[in-house]
Every structure is written in C-alpha cells, then in structure tokens.
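Structure first, commentary second.
There are 2 protein chains.
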Amino acid sequence: MPFEFKATSFIGSSRGAETGKTFTAFSPETGEAVGPEFHSATKDDLIRSCLQASIASNLLYRKSGQEKAELLRRIASNLEERKADLVERASLETGLPNARFEGETARTCGQLRMFADLVEDGSWVDARIDTADPDRKPLPKPDIRSMRKALGPVAVFCASNFPIAFSVAGGDTASAFAAGCPVIVNAHIAHPGTSEIAATAISEAVVECGFPDGTFSLLFSGDYEIGSALAAHPAIKAVGFTGSRAGGRALMDIVAKRVEPIPVFAEMSSVNPVFVLPGAAEERADEIAEGLFASFTLGYGQFCTKPGLAFIPGGERYAHIVDSLEGLSRRSTKSPLLTSGIRDSFIAKTAARGAPQTVAEGFAVDSCVFEATAEEFLRNRSLREEVFGPTTLAVSYGDADELEKIAEGLEGQLTATIHGTEEDVAEAGELISILEKKVGRIVFNGYPTGVEVCHSMVHGGPYPATSFPGTTSVGTRAIERFTKLVCYQDAPDSVLPDELKQGNPLGIVRMTDGETGRD
Amino acid sequence: MPFEFKATSFIGSSRGAETGKTFTAFSPETGEAVGPEFHSATKDDLIRSCLQASIASNLLYRKSGQEKAELLRRIASNLEERKADLVERASLETGLPNARFEGETARTCGQLRMFADLVEDGSWVDARIDTADPDRKPLPKPDIRSMRKALGPVAVFCASNFPIAFSVAGGDTASAFAAGCPVIVNAHIAHPGTSEIAATAISEAVVECGFPDGTFSLLFSGDYEIGSALAAHPAIKAVGFTGSRAGGRALMDIVAKRVEPIPVFAEMSSVNPVFVLPGAAEERADEIAEGLFASFTLGYGQFCTKPGLAFIPGGERYAHIVDSLEGLSRRSTKSPLLTSGIRDSFIAKTAARGAPQTVAEGFAVDSCVFEATAEEFLRNRSLREEVFGPTTLAVSYGDADELEKIAEGLEGQLTATIHGTEEDVAEAGELISILEKKVGRIVFNGYPTGVEVCHSMVHGGPYPATSFPGTTSVGTRAIERFTKLVCYQDAPDSVLPDELKQGNPLGIVRMTDGETGRD
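Line by line, the protein sequences are chains X and G.
The numbering of the first sequence is this note's numbering, which starts it at 1 and goes up by one.
The numbering of the second sequence is this note's numbering, which starts it at 520 and goes up by one.
Dropping the structure here:
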C-alpha cells in the first residue's frame, strides 16, 4: 500500500491546519506539478510547535544517553521500513535516480546510529573535574565539575540537494536529538512528500520510545514567511541550516536582530577548488580529467562539495585535461536540476560565462566546462562564485607563486583538493598552509564529493562556507553545536549528573585534574 | 625608577601617533584627572596594526606548542618584574586597594602559565583520526584526520573591573596567543596606564621570544570610534569582550553587519541570583548574611559574578538576614566606583529603587540593600536588571513553586547559587534543572565571586550573560573560541601537523577510530 499523504504540518503528535496557503512539489524530469497539495503551516501551527518544543525541552533534558540512543535507532529502523516509499518519492521530487536514495537512506540511518552509539557511550559531553583542595593557600580550592548539556529547541532548515541525509531526519536533526534538544524542522519546499514520509518515521519513533510530545515538529511552507518567524521565535535556541549563501545569511541577519541572539549554524556556499600540481598533471592527466568530471557532475553537480574550480598548470597538459573534460561533457546526457529556480540560476550564470543553454524538457540542463587564465581569474571576481549545477571552471596557471596568490584570494571553502606527486606535495608547503586557514577539509589525490561520516570529519570552514569555522555539520563533533556548558561548584554527589558523579558510574572518558581517561 | 609612560598605542614593535585625540585616567578616590595624557590611536594606527596582525598570523600559525608556551611564560615573568608599577598604577586608576592587584597579578600570571602548560602538552587540539579501510564496500574508506588550529587575528576588548586579569594580558589574550592567534587589544579608557605597563611586558616578551612583529598591538581610545572600526576590520577573525550588556550587544551588532561575520565572544551582564532554601535560612542565617554581604561588596560590588539578587524564605529568618545585611551596609565605608559613568549609573538605579545617595568625594557611593516580595519581583521587570556596584536585592518568597516560577523567568546568568541543607537540596531537583538551562555555573553553599581558573571552570551562560552558551572565557576551554577545525583526507604523513602524524610524536591524547588515549 503506498504512503498516504496528509499534506499538513506535524505539530508534535498532532497535525497542522488545512487552511494555510498550498503548494506542490514539481517533477524536475517533466517540470510538472506533482500532487498532493501541501498546506503551509499557519502562524498558529508555528506557535503551537514552539510551545510544545519548549515544554518537551525540559523533559528531553533529563533523558539518559541510553534513552536517546533508543530514539535515534528507532528513527533509523522506521526509515528503513519506509525505504521503498522514501526512495521513490525522493526520486520523483528531485529527478535523481533511485540508487542515489538507496545510498542516501543508508547514510542517514548510519548517521542516526552513529549518534546513538555516541550518546550511549556518553564520553562526548567533555566531562571535566577539578577536585577540591581545602588546604590551598591563600584560598581553599573548591570542587569544580562541568560538561556539555542540551541547549534547548533547535530549528532545522532542510537542504534542497539532500532530501534525506541533510533534511528532516538528517545530520542536524540527529545531532540535536543526540544532544537532547527538541527539533522543529522547516521542510524544504522542493520535496514536501519526502519530508512527510521522513517526518512520519520520526513522529512514530517519538511515540514508540515514550518521548514527550513536542520532541519533534515539522512545518511545511510555500514561502519564506514561516521559516523567518521560526528563526525569530524566542523558544528557539539554535538554528541549523544547509542551503544557499543568500538563505543562510538571511537567517543570520534575522537572528542577529532578536532580543536574545542565538547561534545559526549555516552551511552555505563553496566552490571547492582543486589544485592540480605539475607532476600529477604530467603523470595522471586522463585519470584526473575523468575523476574531476565524475565529481563535478555527481548528483548533477548539486553537491555542496562539488569541485567548481580546477587550477591546472598551463600548456599541453592543461589543453589535454580541458579537452577531456569538454569531450566528457558533450557526450553526457541532460541533467534535470532540483528546482526551476536552480535551473534558471544555472542558465543565467552559464550564459554570463558564455555558454547559452539549449531548450530542454523539465528542469534539464547540459553540463559545461569553462576556461580562464589565472590572470583573468584574479581580475574577475564573478569567476569565484558558486554555480550550482554540472559545471566547473578550469584555470590555467603559471607557477607556484601564482597559485599561492590565487589561494590567498579565495573566500572560505568547505574543501580544497590537491593532486600532486610526492615531490609536488613536498614543495607545496606554502599552498597547504594557506588552505589550512581557508578551508574545512583538504583532500589529497581524491575528490571532495563524498563526505565520510566519522569522528574526525569536518564539514565546515570559514564564511561563507559556514557561519562558524569552529564547528562541523557532519561527524560526531556536530553534536557540540547544540549544547551549552554547565558547571557545578561544590555540588553534593547526589545532585550531579551521572557523567560527573565521583564514581564515574557511566564509565565515560573524562578529564580529572588534567588527566584524561576512563578513570 | 618609576615606569615612564609614552602614552601612545603599540603598533607591533613600534608606537602609534601622537596626533590622536587625548584623554586621561581619573582617580576614583578624588575624581581628579591623573596624568599623563594618552593619545587615542588614529585610523592609520588601526590599519597598520591590522595589517601587521594579518602578516604575523601566518607565522604564528606554525609556532609549536613549546614556542607558544615560552611566549606565555615570558609574558608572565615580565609582568611579575613590573608588578610594583602595575599594582600601584592599577590601584590609582581604579580606587581598589593594592592587595587586590597583588592577587590579580598572581591570577593573571597563573592563567598565562596554565595556557603555557596546556599548549606544551598539546592535547587541547582535539586531534581525531579515523584510519582508512581500502576494502570497505560499497566504497573504500579514506584516512581522515582533524584538529583545532588558530583562527587568525583576535580583537580583545578590556574590562573596566579587571584591569589586569581580564584586560591587556588577561584571559582572552592568553587564550588567543595559546591558540596561535595575534591579538589587537582595545585598551579600556579607565585604565590606560595599567594597560601601557602590561602592554610593555607583552611587547618585550614578543621580541625576546622571537615572535613576529604584529603578534601584539594595543590601541588606546578616548571614545568608541576605534573599537568599532577594529571589530569591523576584515583582518579580525574573532572578538573577545568583557563589559556591559550595551557594549557587548553593540559589538555583536557591528559584527553581524560585516561582509564576513565573525564570532563575538562577549561576557556581558549577570545578576547572579542566590537561592537561600528554608533549612539553610534556619540553620545559618548569620553566616549567610555575612557571606552575602562580603560577596556583593567585594571589589565594591564591581564583579561580573556579584550576587545582585537573593531569594530568602519570607518570615522571621528573612527579616533577620535583611536586618544583618542592612546593618553591615550602614557600618561599611564608602566605595569609590571605577568611573564617573559607573557611579552615575549606580546613583540613578539605586535612586529609582528608592535609596538616594549622599554626596561624596570622587566616585564614592554607599552600599545599599533593597527589598521586594516575590510578587513585586515578578511584576516589575526592572528589578531583574544588573546594578553594577555595592548593592543587592533581597526578595522574600513563599514556597518552592514560587521560587521555580521566579527561576524560570530569569534571563541567562553567569552563575546561580544555592544555599541549602542536605534535605533542602534533595528537594530542589526542579530548581536545579531550571538553573542548569539558565546559567553557566551553579554554586552550592558558597558565593559566586571568586572564579577558579582551571580545566573545568565555566565562566559563561546564555544571553545576556554571554553571547555563546557553548563557550567559556575562563579556564582552559577558553582556547577553543579562537580556533577553527581543519581536516586532512588521505594526506601523506609528511604534510600532517605533528599532532596528527601516525606515530603521535608529541604523545598527545587523541581519538583514533573512536578510542581516546595517548595511543
């Protein structure tokens, strides 16, 4: 039996009004509207969801790591149960193939289980203890203990390009639940059906695991009104966002004007430069061309880590690599983009760079490769802008000095990639130093698409890549974003959270008088 | 030989212009101006300091933990060498006694050495390694390694009330240097002489330790112009601030409008409520009255952790405690406040609460105790505001429900204090839960003034106590504020920072495939 859409928001365990403005998804393949009509949340839905989240917050705060792990694992298994519906609907709403969403569902469930393991172990809270010394002079030393705890209700804004893994049940939601925060999701306008299926999986898990009503809400919205009001609502204590630079900045600006400003963790814009060094260009020109093409057209070029810039040593090897990229582009099939807006922006930006698109069905476009010299690149700032879709810009450069100058001029990036032989890399110390300041992740002899979900991953970087270069939205460190520090001075053991009790009943890794271990 | 003031800004190793607007310190004891005339930094001074900091940033980035530790320890020993001058001048400029600055200098040097130990050990960087698995299906697993690294030039805004420990060579500067960031200090207008002495100690240490020019600058300013321009300058990557709510919010607003917004770590405003529970009021009324009085008048009531609110069970015990507080207040000597502005604000706010001040010499005021019922407190929002200076508000309450209602209505705080017997505390679970969300530190049966400097300290809390409840400005975690995360994928060992090299040459604590230890 196929999934039956109710097409209304989720306000805790109840549903939103059927009186809000309606909107539909569109098929990128055909450009046609796809039913059903979804009802935007009303202002009343929004207020109810915030009120419930506030109340739930106090109860979630006391949930043990074990209880939170159960919730996260139940969400994962509920998603798996609904995988067929999820995959089919996501494919319909995005124009991306089913196989992609088989993978994305697995990634999403893997993320949820990673956070389940993390909170079950409990060491993530950064527990620290400095024991008392009543005999210290001139003043006795008190007993001080501290850890990270849940911050409060989090608003999660979904990504257009990852309808499962960076959306309703994605990394922001998983890390916020893991921290102990209720979540109110602002569903992405482009994939409401996928959102409703994922929201159903979460909503059922909340009930099944006995979590409080208001642990999770989801607001549909056909425009920006509800999202703006959500970020401005006093109940919300942090925002997670994945999307465009304009969208992220708009949220940052809204939040900066609140009576109580809150952190916005926005992952926004990145061109992900690839630096091909001379030895690598000489040794592996064909391999690099093929790898680069596969990376910038993966998901039709709609990944935040898409390599949108490739610096290649000028001369024969440059010509060879660019010829290969152009050949591969010409022979490739059309790419249906996620939305008409993304398609229009792609057409406008590629036309401005000199490659008008031919008319195509739905939101489809042709992939294309642009060229510039280093000099042109340095002169023309518009060449540094992200173009979302299947295109990259090949830039020919002269020597290491020129490459370093270019790197110094780049904005903050999620990633940078270096292709080099052992000798190339040994000589690239200066370039690497520059990139360490500019980017969240440096990839060696690989491609930036494909973000491993693990303890050490950094999906971050200086503005405009993200709003906080000290944080990441992928990997276990993502949980820290949704926490506050709390410290207890001379507290009786009975009052302390288990993580800080004298006997370390949870057996977690913690720092005691400067020494780190499981005691 | 007494310290010879040049009374100009420090622009790296050179000095600023003598053409800027001049200003002087004032003696809070007499209210009279105190020489010399200090020259405000010019716009050109500001630009030069930012340029130098940018250049220094690239060199500092590569300094080892050992090298940074040397710098921090040298600053500490240089401060100790100048202690007599520092203490005398700080006392002159603040009206606080010499003994206070003996202690504050020791605290400052202790902080510097704590960060030296921290970076010498090196484990603070949160190094994480996930090793490769080339055989993983469906895709091989790459090698991923990440850590915290310096963010770039930091602007530090000094506190009026801590001319040494939260100013030029204070916690923000120490933690920024420890992270590997150059610092540009915006000196506080009220203690330029103390600032120049501390800046000399740092400036000499920078040269003595062979650190790059531009590692440290200090800008004098007779108004807000230079500070605003500093926070807005593109070279600055983070701001540390300790001061008023209005001042911190003004900086947050400036930074939110930058092309590249940056984090402002502001520690602003807190009334530090004290909750006296019934058993404790019964058992230790006199002790609590004396302790509270000592705490709210310490440093003439000008600590950010001053207890400005005390909730006491209504009835006999309440009357007894308030009588004691009032008696102690009446018998106390006048308190010279730090500046005429602080005095004027104190006079206005205490007059509004019904206690007009008598005329006094310099910036002196009388300490005073105010009273309200819980009902009045809940009705009148102005009673929740911080009054900087030697005063507190005693609020009589009825029962635990009323106390919880009051706690729920409080803004974010640096601290909250609970006085309770074992039985009191056992019954205060709900109150403690509320406070965990609202405050950075909960003190049991003690006083909030006196902030221990250690690994576990949290001098933080939700807005308006600070701008980021996930951070602290005191203790070793303060270093994290001035860092970004950087991640290396499949990097050759030769390229990796020592902290991430396969053999763990520094022997630091790090997480490898989820296990934490010194390998």
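By construction, the Cβ of each residue, glycine as well, lies at the ideal position given by its N, Cα and C atoms.
Buried or exposed (CB count within 10 angstroms, at least 16 for buried), residue i
| i | result |
| --- | --- |
| M1/X | exposed |
| A281/X | buried |
| N791/G | buried |
| K776/G | exposed |
| P672/G | buried |
| R48/X | buried |
| N680/G | buried |
| D366/X | buried |
| G1022/G | exposed |
| N186/X | buried |
| T19/X | exposed |
| S722/G | buried |
| T358/X | exposed |
| E411/X | buried |
| L139/X | exposed |
Unbroken beta strand (DSSP E) run spanning residue i, endpoints
| i | result |
| --- | --- |
| C595/X | Because chain X in this structure spans residues 1 to 519, residue 595/X falls outside the shown range and cannot be described. |
| C628/G | Note, C628/G: premise wrong, no beta strand (DSSP E); alpha helix (DSSP H) at 617-640. |
| M147/X | 144-150 |
| S392/X | The displayed chain sequence assigns Thr, not Ser, to residue 392/X. From DSSP, the beta strand (DSSP E) with T392/X extends over 391-397. |
| H419/X | 413-419 |
| P462/X | Counting along the chain, P462/X falls outside any beta strand (DSSP E), and DSSP gives it neither H nor E. |
Among the options, nearest to residue i - alpha-carbon criterion
| i | options | result |
| --- | --- | --- |
| L251/X | I226/X, V271/X, C304/X | I226/X |
| P182/X | E32/X, K237/X, R128/X | K237/X |
| G314/X | S270/X, D44/X, A372/X, G514/X | A372/X |
| P234/X | A127/X, A53/X, A7/X, F482/X | A53/X |
| E589/G | E727/G, N705/G, L856/G, G1036/G | E727/G |
| Q111/X | E81/X, L86/X, L92/X, L72/X | L72/X |
| S975/G | R284/X, T19/X, M511/X | M511/X |
| L796/G | Q1008/G, T940/G, L670/G | T940/G |
| A674/G | E942/G, L738/G, R664/G | L738/G |
| E612/G | G959/G, G1026/G, P547/G, L933/G | P547/G |
| G810/G | A785/G, C823/G, S843/G, F822/G | S843/G |
| N98/X | G299/X, V486/X, V125/X, A132/X | G299/X |
| C109/X | T131/X, D85/X, A165/X, G279/X | A165/X |
| P1011/G | R664/G, L637/G, S789/G, L828/G | R664/G |
| S13/X | I129/X, K6/X, V206/X | V206/X |
| G95/X | L393/X, R107/X, Q66/X, A33/X | A33/X |
Under 9 Å by beta carbon: chain G residues contacting residue i
| i | result |
| --- | --- |
| D490/X | V962, F963, N964, G965 |
| T516/X | S642, V1028, T1035, G1036, R1037 |
Interface residues of chain X facing residue i [CB-CB closer than 8 Å]
| i | result |
| --- | --- |
| F987/G | P263 |
| A926/G | In chain order: nothing, as chain X lies at least about 12 Å away. |
Residue i, enclosing alpha helix (DSSP H) - first and last residue
| i | result |
| --- | --- |
| G818/G | Here G818/G belongs to no alpha helix (DSSP H), and DSSP marks it neither H nor E. |
| S345/X | 340-352 |
| N577/G | 562-579 |
| T24/X | T24/X -> not in any alpha helix (DSSP H); beta strand (DSSP E) instead, spanning 22-26. |
Per-residue contacts from residue i into chain X (C-beta, under 7 Å)
| i | result |
| --- | --- |
| S789/G | Here the premise fails: no neighbours, minimum Cβ distance about 14 Å. |
| V1062/G | Summary: the structure shown does not reach residue 1062/G, with chain G confined to residues 520 through 1038, and so no result is reported for it. |
| I515/G | What the structure shows of chain G is the stretch from 520 to 1038, and residue 515/G is not part of that stretch, so it cannot be assessed. |
Within chain G, the residues that residue i reaches when beta carbons sit closer than 7 Å
| i | result |
| --- | --- |
| P134/X | Residues of chain G passing the Cβ test: none, with the nearest at roughly 12 Å. |
| L151/X | P988 |
Chain-ordered chain G contacts of residue i [CB-CB under 8 Å]
| i | result |
| --- | --- |
| D253/X | A775 |
| Y61/X | S952, E955, K956 |
| E422/X | P1011 |
Residues that residue i contacts on chain X, provided the C-beta gap is smaller than 9 Å
| i | result |
| --- | --- |
| T991/G | S146, L485, C487 |
| E779/G | E411, G412, P462, Y463, P464 |
Against chain X: residues of the segment 553-576 of chain G by CB proximity under 7 Å
none
Using a beta-carbon distance cut-off of less than 7 Å, what residues from the segment 222-238 of chain X approach chain G?
none
Identify each residue in the segment 871-883 of chain G for which the Cβ-Cβ distance to at least one residue of chain X is less than 8 Å, and report them in chain order.
none
Could you run through the segment 965-985 of chain G and flag, in chain order, every residue whose CB is less than 9 Å away from some CB of chain X?
G965, P967, G969, E971, C973, H974, S975, M976, V977, H978, G979, G980, P981, Y982, P983
Pull out every residue of the segment 271-289 of chain X whose Cβ sits closer than 8 Å to any Cβ of chain G, in chain order.
none
Could you name the residues of the segment 996-1007 of chain G whose beta carbon sits closer than 8 Å to any beta carbon of chain X, in the order they occur along the chain?
R996, E999, R1000, T1002, K1003, L1004, V1005, C1006, Y1007
Note down, in chain order, all residues in the segment 618-638 of chain G with a beta-carbon under 7 Å from any beta-carbon belonging to chain X.
none
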